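Top to bottom, those sequences are chains A and B.
According to our numbering, the first sequence holds residues 11 to 156 in order.
According to our numbering, the second sequence holds residues 6 to 248 in order.
Don't be surprised by glycine CBs; every beta carbon is placed ideally from N, CA and C.
As the structure is a computational prediction, the values presented were derived from the model and not from experiment.
What follows is a set of notes on a single structure, which appears directly below.
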Amino acid sequence: MKANTKYIIGAVVVLIGIAVILTSSLQNNLVFFITPSEFARDQEKLGNRTIRLGGVVEPGSVKFNRDTIEVSFKISDGTTVLPISHKGTPPDLFREGMGVTVQGRLENGVFKGEELLVRHSEEYKAPKPGEKLDYRRIVAAIKDSQ
Amino acid sequence: MLTQKKLFDAPWLTPALGLLSVVVISVSLFFTFTAQPDVLQGYLTRILPIHVGASWLAYLAFGLTAVFGLTYLITRNYHWDRLSAASSEIGVVFIVLSLFSGALWGRPAWGAYWSWGDARLTTTALMLMVYVGMLMVRGMIEDTGRRARVSAVIGIVASVGVPINYLSVYWWSTLHQSPTLSIVERRSALQNSGILIGFLVGLLGFTILYVYLLRLRGQLALQQARLEEHELELELKGVLAHD
């Protein structure tokens, strides 16, 4: 067997190996966030470990406390709704109906967020003719919902 | 009449491609920066054609690194090794640009420049490491034949990162959104004509830029190889010893 052929066979074997590892075992470890439903289901197992939750900000649930710089809201995945309390200013795109991820842990029944990130979709839209960017509504959703 | 071979070897072709890529990317930027601001992200979406263009170019470069490497292993012609090395260098430059533009977009949109744990981001960083490693290995091996063989194998194996990186947003729950345009799924979520034109023209421009850089780097590598060969010949003749 020529050395050349050996290299090619070796390369193919390694390729298949990496592909198998990535599609099978890493599937559970590379998950960026879990949903409120999964959180509720595995709550006993998770305890108060630090995890990252992902869901949609429930409309009408955002409250911002200007004195303590705390934002409280509910996130939902359609079936389970979970209250969140986060200290710090939320990102600019944070608003009701937006996808967010919160890293934190459960403390006395409230999920305390340490890192709040906005997860936007792959959709990009220009305003329709005559429609203007409703900055007031966007700002209001974050600021004046006490 | 200009035959295909003559056209391919024409000395004016490489600078012409470079100039063309500048023109096409400028057109892309014109459409991008005159587009209407996004309903949600406002002006942020204007980075999309650059970010996706750079990422596409990195995918293309790393994919072709493997193809050229494989072609070298089959033909044993150093021409393909030089192209494979050139392609991986271009890929490294543009994967860095992709990470950088992504961070600039991520900070205002997501709220973070970077997040470990996101599969798209992490596999991109991993790919950068692997290809930088490949270039280091190339630098460490002096024997031309061995260098070409080893880097061809690394290039082929590492290219598995391209589909994994692309599909990571489908396979795992990620912070990064899934592709806006998908030919396979026949889906476009880009409802902004200015950005869409800028994006499509940009893809063309970045592809031309790749071909230009590949030719340029390939020609330089050929000159380097000739110089090394010449020096070796002189050494063998003992000319250098008399100096």
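Coarse secondary structure for residue i, derived from DSSP in three states
i, result
"N58 of chain A", "coil"
"P113 of chain B", "helix"
"L180 of chain B", "coil"
"G98 of chain A", "coil"
"N75 of chain A", "strand"
"T8 of chain B", "coil"
"G88 of chain A", "coil"
"E133 of chain A", "coil"
"P93 of chain A", "strand"
"E80 of chain A", "strand"
"G27 of chain A", "helix"
"V112 of chain A", "strand"
Neighbour-count burial assignment, residue i, 16 or more Cβ in a 10 Å radius
i, result
"N170 of chain B", "buried"
"G207 of chain B", "buried"
"K84 of chain A", "buried"
"I19 of chain A", "exposed"
"G203 of chain B", "buried"
"Y77 of chain B", "buried"
"D14 of chain B", "exposed"
"D43 of chain B", "buried"
"G27 of chain A", "exposed"
"P46 of chain A", "buried"
Residue i versus residue j: straight-line alpha-carbon distance, rounded
i, j, result
"G107 of chain A", "L186 of chain B", "23 angstroms"
"L133 of chain B", "A50 of chain A", "38 angstroms"
"G150 of chain B", "K242 of chain B", "22 angstroms"
"A136 of chain A", "P54 of chain B", "15 angstroms"
"F35 of chain B", "V29 of chain B", "10 angstroms"
"H235 of chain B", "F43 of chain A", "59 angstroms"
"V51 of chain B", "E238 of chain B", "In the sequence on display, residue 51 of chain B carries Arg and not Val. So the alpha carbons of these two residues sit roughly 54 angstroms apart."
"T80 of chain B", "V162 of chain B", "19 angstroms"
"R59 of chain A", "A63 of chain B", "38 angstroms"
"Q46 of chain B", "T111 of chain A", "18 angstroms"
"D148 of chain B", "V27 of chain B", "38 angstroms"
"M145 of chain B", "E233 of chain B", "16 angstroms"
Whole-number beta carbon distance between residue j and residue i, since they are thought to touch under 8 angstroms
i, j, result
"A90 of chain B", "S156 of chain B", "7 angstroms"
"Y4 of chain B", "L65 of chain B", "With chain B covering only 6 through 248, there is no way to say anything about residue 4 of chain B."
"H56 of chain B", "G107 of chain B", "6 angstroms"
"P93 of chain A", "S82 of chain A", "7 angstroms"
"A117 of chain B", "W177 of chain B", "At roughly 18 angstroms, the Cβ-Cβ gap does not stay under 8 angstroms, so A117 of chain B and W177 of chain B are not in contact."
"Q41 of chain B", "G223 of chain B", "Not really, about 41 angstroms apart at Cβ, beyond 8 angstroms."
Which listed residue (the options) has its alpha carbon closest to that of residue i
i, options, result
"I188 of chain B", "B:Y48, B:L205 and B:L12", "B:L205"
"G111 of chain B", "A:S131, A:I44 and A:T60", "A:S131"
"V135 of chain B", "B:I146, B:A117, B:V158 and B:R154", "B:V158"
"F211 of chain B", "B:F73, B:Y77, B:I100 and B:K10", "B:I100"
"E68 of chain A", "A:V91, A:I26, A:G57 and A:P46", "A:V91"
"L127 of chain A", "B:H84, B:A226, B:A114 and B:V32", "B:A114"
"R87 of chain B", "B:T70, B:V137 and B:L195", "B:T70"
"T127 of chain B", "B:M145, B:T179, B:L102 and B:G160", "B:T179"
"I79 of chain A", "A:K55, A:P100 and A:Q53", "A:P100"
"V98 of chain B", "B:V72, B:G122, B:W61 and B:S193", "B:W61"
"A21 of chain B", "B:A230, B:L218 and B:E240", "B:L218"
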